[in-house]
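Residue numbers (my numbering): -17 to 544. Even for Gly, the Cβ is constructed at its ideal location relative to N, Cα and C. What you are looking at is a predicted structure, and each value in this text was computed from that prediction instead of being measured.
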Ligand code: HAS
Ligand code: CU
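What follows is the structure, encoded as structure tokens:
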């Protein structure tokens, strides 16, 4: 039975969530190519350098916040319904959707206000050139912050729908293990609840009153700290859904089965424990945070590599198992026995391959001393286009080729474009991110429309700055083409008539080592949440206390003994 016929109400919700995500992807990708051509000096006719920051904010917010959140909401909705074999409580889930959509519209309108001359609305200029990290001292129109708050509140309510589905399932299945996909969704959501507290306090207690003029002073260090308390875990909020796909669907696409269910559970629990007490690795250069606490964050970050290294092992082993099921022999030649012409499979694999490189640049970022070399250079966008821009985004696009037919009952259209699309993305990203990393090593800054300075010449260790710029521009253009190809396939599929029987289904094969091999304690959410909170208190307690000790709105922090 096709998913849409088994769960018609849930399918409608997933479709709506995906459509918002795809619209955000389209506009965000357009903004992306505009800025790539602008800052490399290849074509500067679209916007002025002053408007560059508006476009950059739109690019970051639409892709890193809106595309991700809505796509994840859709994927999680599908995964919970699929693995618990029931419709989601739809009233709660739709409430979440509408709140998130209202927030998105408010934030998007505030950003676009900056391009159309910042008209005064409710006594404040309608603009939000604050970039996707939106901490003080840059200030946006209150509507932007209210929009951001609504997106977060909406995501909390969406999480409630998943938990409610579990509680209902529990009543019918007492004593059974939580199915793996639902386990992954709920662990991610617990991590999300813990980490969004930081940004919620930042926005509601500080940014909204400040933008409305109710308070005059703001403490940039405190609001940055609250932001990064959330800003690191948010990257795992993007990664864990990709891992859900790699663990539970990719082995099936390869013709095999997941290697180990217990290991997958351990990985997700490790993310719940360690995702949050590491935020200071984004603030190594911030004064006012004692080095000892930066060091604790660095140590925790290095431990946090573990779940991803375990993932690399398990996922590749599961894919290899698939290849051997298809008759593969040899140490490496099994790679040839894989369905590289299936866009869902190829996209996930290429995303994983690029993430191996992105994870490597992450390790460099995380080193307290090496970070000073690359912080605030274009190396950092190089890193995150491999992670959120490929590990997440390419996985999301790839799995849509597999999922959208099942939530619509329609066959995938424009297959030849779909087959090519992941490779176009891969080549575009290889050019762009590699050149960005190298340009960052040469000292070229991020987040600027004018990366050249008078009487100063950047010099790369190898190659020239002109050549790096050209690669960034060509890569950025290819990525835009890749996004457009994906959206053509999706639009054509979604608009087509239903007909014929589908050859795909949502059944997930049993793992080679199943849940009965994993200790029950892994499903003990109360225990893991308590430990996660304890680690946060240790990592953040004293520095936060000292930031607020001199008054909530007073900048900086008095020294604390370490
Ligand atoms: Fe990061 C900055 C450290 C992972 C996103 N990161 C950013 C920013 C973003 C971001 C958006 O410590 C910029 C924020 C801003 O605007 O300022 N990051 C890390 C570390 C990891 C890491 C240690 N980042 C991510 C992920 C992201 C993401 C995931 C999004 C999804 N990052 C940092 C630091 C900074 C930072 C500093 C601050 C820099 C600064 O100075 O501003 C680790 O989690 C990475 C672990 C990953 C691995 C790779 C494992 C490999 C796998 C591949 C399996 C292969 C398969 C396919 C399936 C160890 C799992 C095989 C294919 C075959 C063909 C065989
Ligand atoms: Cu981080």
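Query: CA-to-CA distance, residue 476 to residue 270, given in whole angstroms; Result: 52 Å
Query: Contact set for residue 293: own chain, Cβ-Cβ below 8 Å, skip 5 residues either direction; Result: 225, 228, 229, 249
Query: Shell residues, 6 Å Cβ cut-off relative to heavy atoms of the ligand CU; Result: 214, 217, 263, 264
Query: Nearest-angstrom Cα separation, counted from residue 360 out to residue 544; Result: For residue 544, the predicted model reports a pLDDT of 48, less than 50, meaning its position is unreliable and no value from the coordinates is stated.
Query: Residues that DSSP places opposite residue 359 in a beta bridge; Result: 427
Query: Minimum C-alpha distance to residue 132 - residue among 152, 78, 57; Result: 78
Query: Euclidean distance between Cα positions of residue 446 and residue 405; Result: 27 Å
Query: Contact under 7 Å by Cβ, residue 287 with residue 173; Result: no
Query: Contact test: residue 414 Cβ vs the ligand HAS heavy atom, cutoff 6 Å; Result: no
Query: Own chain partners of residue 251 with C-beta closer than 8 Å, once the 5 adjacent residues on each side are dropped; Result: 169, 504, 510
Query: Presumed contact (8 Å Cβ cut-off) between residue 472 and residue 4, rounded CB distance; Result: 6 Å
Query: One or two residues paired with residue 106 in a DSSP bridge; Result: 103
Query: Inter-residue Cα distance where the pair is residue -1 and residue 327; Result: 23 Å
Query: Entirely enclosed alpha helix (DSSP H) segments - the region 38 to 112, minimum 4 residues; Result: 50 to 66, 72 to 95
Query: Per DSSP, the bridge partner or partners of residue 435; Result: 438
Query: Closest residue to residue 56 among 283, -8, 259 (Cα-Cα distance); Result: -8
Query: Beta carbon of residue 163 nearer than 7 Å to that of residue 65; Result: yes
Query: Pair within 7 Å by beta-carbon distance, residue 261 and residue 214; Result: yes
Query: Residue 347 beta carbon near the ligand HAS (any heavy atom closer than 6 Å); Result: yes
Query: Rounded separation between residue 348 and residue 412 - CA only; Result: 22 Å
Query: heavy atom of the ligand HAS below 6 Å from residue 361 C-beta; Result: no
Query: Neighbourhood of residue 307 by C-beta distance below 6 Å, restricted to the same chain and skipping five residues each side; Result: 237, 238
Query: Whole-number beta carbon distance between residue 340 and residue 377, since they are thought to touch under 8 Å; Result: 12 Å between Cβ atoms; not a contact.
Query: Touching by the beta-carbon criterion (3+ pairs, under 8 Å), the region 103 to 120 and the region 142 to 162; Result: no
Query: Element boundaries [alpha helix (DSSP H), containing residue 347]; Result: 325 to 348
Query: Residue 499 Cβ short of 6 Å to the ligand HAS heavy atom set; Result: no
Query: Nearest to residue 394 (by Cα), restricted to the options 108, 474, 336; Result: 474
Query: Whole-number beta carbon distance between residue 357 and residue 267, since they are thought to touch under 8 Å; Result: 6 Å
Query: The region 96 to 107 in contact with the region 177 to 184 per 3-pair CB rule at 8 Å; Result: no
Query: Any non-hydrogen atom of the ligand HAS within 6 Å of residue 337 CB; Result: yes
Query: Given 8 Å, three or more beta-carbon pairs between the region 40 to 54 and the region 77 to 91; Result: yes
Query: Beta-carbon gap between residue 178 and residue 139 smaller than 7 Å; Result: no
Query: Assigned exposure category for residue 336 - 16 Cβ within 10 Å defines buried; Result: buried
Query: Residue 427 versus residue 68 - alpha carbon distance; Result: 50 Å
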